[in-house]
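Data block below; observations after.
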Amino acid sequence: MVGVFAALSVSASVAVAGAIGFVGLVSPHLARRFVGPSHRHLIPAAALTGAAMLLLADAVSRTIFAPVEMPVGAITALIGAPFFLYKIARRGLEGTR
Numbered sequence: 056m057v058g059v060f061a062a063l064s065v066s067a068s069v070a071v072a073g074a075i076g077f078v079g080l081v082s083p084h085l086a087r088r089f090v091g092p093s094h095r096h097l098i099p100a101a102a103l104t105g106a107a108m109l110l111l112a113d114a115v116s117r118t119i120f121a122p123v124e125m126p127v128g129a130i131t132a133l134i135g136a137p138f139f140l141y142k143i144a145r146r147g148l149e150g151t152r
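One point on numbering: in the working numbering, the residue at position 48 of the sequence shown is 103, and numbering is uninterrupted.
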């Protein structure tokens, strides 16, 4: 039930903010893996992680089909959706223990 609520809340926030806003949902989780849970380090690391993710997604969207630009939101969705599915599945497995 928690997984369904998490999926619905993430999809609603992406529907409102757009696919690029999805970076704001993914980057804190990725940064937490690198710097730990301390907010003193997490907040700047999340900002840098989000900036790096968007820069990478923009570079990929401009070069993958060279004369035509893909929307950067499609690249961020390709990066973020599997990550959130993994997070939801992992949380579901931890909840059943």
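Ideal Cβ positions, reconstructed from N, Cα and C, are used throughout, including at glycine.
query	result
What runs of the alpha helix (DSSP H), each 4 residues or longer, lie entirely inside the stretch 63–122?	77–90, 94–118
Which same chain residues end up closer than 7 Å to F77 when comparing Cβ atoms and leaving out the 5 residues on each side of it in sequence?	V69, T131, A132, G135
Does M108 pass the burial test, meaning 16 or more other C-beta atoms within 10 Å, or should it be called exposed?	buried
When you compare only the Cα positions, how much space is there between V65 and M56?	14 Å
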